[in-house]
Amino acid sequence: MMRTKVAWFTLVVLAGSLLFAALSIPFGDPAISDMDDYFIAHGQEQTGANNIVTSIVFDFRAFDTLGEACVLFTAVFGVSVLFRLRKKGEDYEYE
Amino acid sequence: MSNSLSKIIRTTADVMFLFITVFGFYIVLHGHLTPGGGFQGGAVIATGFILLIVAYKLDDFLGWFQKRTFQNCEMSGLVLFIGTALAAIPLGYLFFMNFLNGTGGLFGQTVNFGINPGFLNTAGTIPIMNVAVGIEVLGGLSIIILYMTSGIRSHEEGE
Amino acid sequence: MIDNLPFLVVAITILLGLYTLLLKKDLIKIIMGISLIESGVNLFLIALGYRWDSIAPIFTGAPSLAMVMPTVQALTLTSIVIGVATLALLLSMVMIIYRYYRTTDVREVSKLQG
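Chains as they are written, first to last, in our numbering: chain A, 321 to 415; chain B, 49 to 207; chain C, 1149 to 1262.
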């Protein structure tokens, strides 16, 4: 009972702050855009790709893509460990 | 595991699998010209494989594609990605350097600033990395779905 | 106020996800709440990089040269893939919990050992 009251109070406080923040950010008018102007002006001659987003993902910030490929690999690894088949003679703790 | 679905769905899945695979490889290969790239195209091809798993029984699907095939796909994709990144070090550049851009060889046509209709022969190591990541994502997502479906089957057989 | 419509949609999506996460008692619904919050954050990232009367940052057959900001879209790609990986592991753990406890009610799966 106490738990639902605390949950509702937290929800109301967060709702107020999120709605106030959403109505006070100006939309469509970024204040500082120097890095993106550099990427759009020099992306084609330095990487040779027409798609600026792909040249950012695979050439200017390729380390993040390496980390992301490793995250996918770790997820597959974790799923395959969880679904291991039980062989004869092997005991689990909850049997 | 449940039975395979009706004849109409199986025939439609057979035809749609080919179109989905070709469309997915188009998205992967033209990642430097149109919206798309490695991750998006790999997810589209994995959707084609999941359509086959849903339409047929799991044993029929494992008769055509084994689990070992998808594990090899995922491993070779990640090895190709890191190999392309490391191949720039013996040539005198840094790690992850785009060493094929601007030279006249494979994928080496120069591009000037401005609006152009898009040539496939450009952008250096970016198409190679797109293909590597596409193969890795298709292997990874298909392996996740195969493990979860086999987990249901071993639970229903009375554990 | 009608100009800020994307940010309002982001706030409503995150609030619905928080409501589901805090006040529902089934494990699958809690996971749906987590996925809603991640979708709201991705939409917020893309809505931050918009300029008025601009097109997508691609030079192939583009109608004009005024483009939106491209770095935010690159970060959103990574965030979506990480969300997929987290969701796969969460759902696998729920399947293992159901296999042992025979229920997915969150008030009963509360033993810490054994």
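Cβ coordinates follow ideal geometry from the N, Cα and C atoms, glycine included.
Practice task
May I ask you to list, following chain order, the residues of the region 1162-1191 of chain C that have a beta carbon less than 9 Å from some beta carbon of chain A?
Solution key: For the region 1162-1191 of chain C, residues whose beta-carbon sits nearer than 9 Å to a beta-carbon of chain A comprise ILE1162, LEU1163, LEU1166, TYR1167, LEU1170, LEU1171.
Exercise for the section: Return no unless some Cβ of chain C is closer than 7 Å to the Cβ of ASP354(A). Expected result: Locating residue 354(A) in the first sequence gives position 34, counting from the first residue. Chain C contact via Cβ: absent.
Exercise for the section: Please confirm if GLY125(B) has its CB atom under 7 Å from at least one CB of chain E. Expected result: The chain inventory of the structure shown lacks chain E, comprising the protein chains A, B and C.
Handout entry: CB contact flag (VAL377(A), ALA1214(C), <7 Å)
Key = Working through the first sequence from its first residue, we reach residue 377(A) at position 57. Working through the third sequence from its first residue, we reach residue 1214(C) at position 66. Contact: no.
Practice task
Classify ASP62(B) as buried or exposed, calling it buried when 16 or more other Cβ atoms lie within 10 Å of its own Cβ.
Solution key: Taking the first residue of the second sequence as position 1, residue 62(B) is located at position 14. With fewer than 16 other Cβ atoms inside 10 Å of its own Cβ, ASP62(B) counts as exposed.
Practice task
Take PRO346(A) as the anchor and find which of ALA1233(C), ASP1151(C), PHE1192(C) has the nearest alpha-carbon.
Solution key: Here residue 346(A) refers to the residue found at position 26 when the first sequence is read from its first residue. The residue with the shortest Cα to Cα distance from PRO346(A) is ASP1151(C).
Handout entry: First through last residue of the alpha helix (DSSP H) which encompasses LEU168(B)
Key = Within the second sequence, residue 168(B) is the residue found at index 120, counting from 1. From DSSP, LEU168(B) is part of no alpha helix (DSSP H); its letter is neither H nor E.
Practice task
Less than 8 Å between the CB atoms is what I'm expecting for LEU186(B) and ALA94(B), so what's the real figure, rounded?
Solution key: For the purposes of this step, residue 186(B) is taken as residue 138 along the second sequence, with counting starting at 1. For the purposes of this step, residue 94(B) is taken as residue 46 along the second sequence, with counting starting at 1. Indeed, because the Cβ distance is near 5 Å, the residues count as touching under 8 Å.
Problem - Proximal chain A residues relative to ILE192(B), where beta-carbon distance stays under 8 Å - result: Numbered from 1 along the second sequence, position 144 holds the residue referred to as residue 192(B). The answer, in chain order, is ALA395, VAL396, VAL399.
Exercise for the section: Identify the continuous alpha helix (DSSP H) that holds TYR358(A) and give its terminal residues. Expected result: To locate residue 358(A), count along the first sequence from 1; it is residue 38. Looking at the DSSP string, the run of the alpha helix (DSSP H) that includes TYR358(A) is 354-367.
Problem - Rounded straight-line distance, which links the Cα of GLU184(B) to that of LEU1153(C) - result: Looking up residue 1153(C) in the third sequence gives position 5. Looking up residue 184(B) in the second sequence gives position 136. If you take the alpha carbons of LEU1153(C) and GLU184(B), they lie about 38 Å apart.
Problem - Member of ALA389(A), ARG381(A), ASP357(A), ASN371(A) whose CA lies at the smallest distance from the CA of HIS78(B) - result: Locating residue 78(B) in the second sequence gives position 30, counting from the first residue. Considering only alpha carbons, the answer is ASN371(A).
Handout entry: Below-7 Å beta-carbon distance, ASP384(A) vs any chain C residue
Key = Position 64 of the first sequence, counted from the first residue, corresponds to residue 384(A). Nearest CB-CB separation between ASP384(A) and chain C: below the 7 Å threshold.
Practice task
Could you name the residues of the same chain whose beta carbon sits closer than 8 Å to that of THR132(B), not counting the 5 residues immediately before and after it, in chain order?
Solution key: Start at 1 with the first residue of the second sequence, and residue 132(B) comes out as number 84. The beta carbon of THR132(B) sits closer than 8 Å to the beta carbons of THR173, ILE176, MET177, ALA180 from its chain, once the five residues preceding and following it are set aside; these are given in chain order.
Problem - Three or more C-beta pairs below 8 Å linking the region 51-59 of chain B and the region 103-110 of chain B - result: Yes: the two stretches touch, three or more of their Cβ pairs being nearer than 8 Å.
Practice task
Assuming ILE1178(C) contacts LEU1169(C) (C-beta within less than 8 Å), just tell me the rounded distance between them.
Solution key: One-based indexing of the third sequence puts residue 1178(C) at position 30. One-based indexing of the third sequence puts residue 1169(C) at position 21. Contact between ILE1178(C) and LEU1169(C) holds: CB atoms are separated by about 6 Å, below the 8 Å threshold.
Problem - For MET1215(C), the residue or residues it bridges with in DSSP - result: Working through the third sequence from its first residue, we reach residue 1215(C) at position 67. Looking at the DSSP output, MET1215(C) sits in a beta bridge with ILE1203(C).
Exercise for the section: Have a look at MET196(B), ILE200(B), PRO165(B), LEU189(B) and flag the residue whose alpha-carbon is nearest the alpha-carbon of HIS80(B). Expected result: Position 32 of the second sequence, counted from the start, is the residue given in the question as residue 80(B). For the options MET196(B), ILE200(B), PRO165(B), LEU189(B), the alpha carbon positioned closest to that of HIS80(B) is the one of PRO165(B).
Practice task
Have a look at THR69(B) and VAL76(B) and give me their C-alpha separation to the nearest angstrom.
Solution key: Taking the first residue of the second sequence as position 1, residue 69(B) is located at position 21. Taking the first residue of the second sequence as position 1, residue 76(B) is located at position 28. Straight-line measurement puts the Cα of VAL76(B) at about 11 Å from the Cα of THR69(B).
Problem - Member of LYS1259(C), MET1243(C), SER1258(C) whose CA lies at the smallest distance from the CA of ILE1176(C) - result: Taking the third sequence and counting its residues from 1, the one referred to as residue 1176(C) is at position 28. Looking at the Cα atoms, MET1243(C) is the closest of the given residues.
Practice task
Note down, in chain order, all residues in the region 343-370 of chain A with a beta-carbon under 7 Å from any beta-carbon belonging to chain B.
Solution key: In summary, the residues of the region 343-370 of chain A whose CB is separated from some CB of chain B by less than 7 Å are GLN364, GLU365, THR367, GLY368, ALA369, ASN370, in the order they occur in the chain.
Handout entry: Per-residue DSSP class, three states only, for THR1226(C)
Key = Sequence index remark: in the third sequence, residue 1226(C) carries index 78 (1-based). THR1226(C): helix per DSSP, three-state reduction.
Problem - Residue(s) in a DSSP beta bridge with GLN157(B) - result: Here residue 157(B) refers to the residue found at position 109 when the second sequence is read from its first residue. GLN157(B) pairs with THR170(B).
Practice task
Please check the pair PHE155(B) and THR170(B), which I expect to be a contact at CB under 8 Å, by giving their CB distance rounded to whole angstroms.
Solution key: As a first step, residue 155(B) is located in the second sequence; it is residue number 107 there, counting from the start. As a first step, residue 170(B) is located in the second sequence; it is residue number 122 there, counting from the start. Between THR170(B) and PHE155(B) the Cβ distance is about 7 Å, and since that is below 8 Å, they are a contact.
Handout entry: Test: ILE1228(C) CB closer than 7 Å to a CB of chain A
Key = If you number the third sequence from 1, residue 1228(C) lands on position 80. No, because no Cβ of chain A sits closer than 7 Å to the Cβ of ILE1228(C).
Handout entry: For ASP1174(C), the residue or residues it bridges with in DSSP
Key = Reading the third sequence from its first residue, position 26 is the one you call residue 1174(C). ASP1174(C) is bridged to ASP1253(C).
Handout entry: Closer than 7 Å to chain C by CB, GLY89(B)
Key = For this step, residue 89(B) is matched to residue 41 along the second sequence. Not one chain C Cβ lies under 7 Å of GLY89(B).
Problem - Continuous alpha helix (DSSP H) stretch holding LYS115(B): start and end - result: Here the question's residue 115(B) lines up with position 67 in the second sequence. Taken as a continuous stretch (DSSP letters only), the alpha helix (DSSP H) holding LYS115(B) covers 115-134.
Problem - Terminal residues of the alpha helix (DSSP H) in which LEU77(B) lies - result: Within the second sequence, residue 77(B) is the residue found at index 29, counting from 1. 55-77 is the span of the alpha helix (DSSP H), which, as asked, contains LEU77(B).
Exercise for the section: Verify the CB distance criterion: does VAL391(A) have a CB-CB separation below 7 Å to chain C? Expected result: The count along the first sequence starts at 1 and reaches residue 391(A) at position 71. VAL391(A) has a beta carbon lying within less than 7 Å of a beta carbon in chain C.
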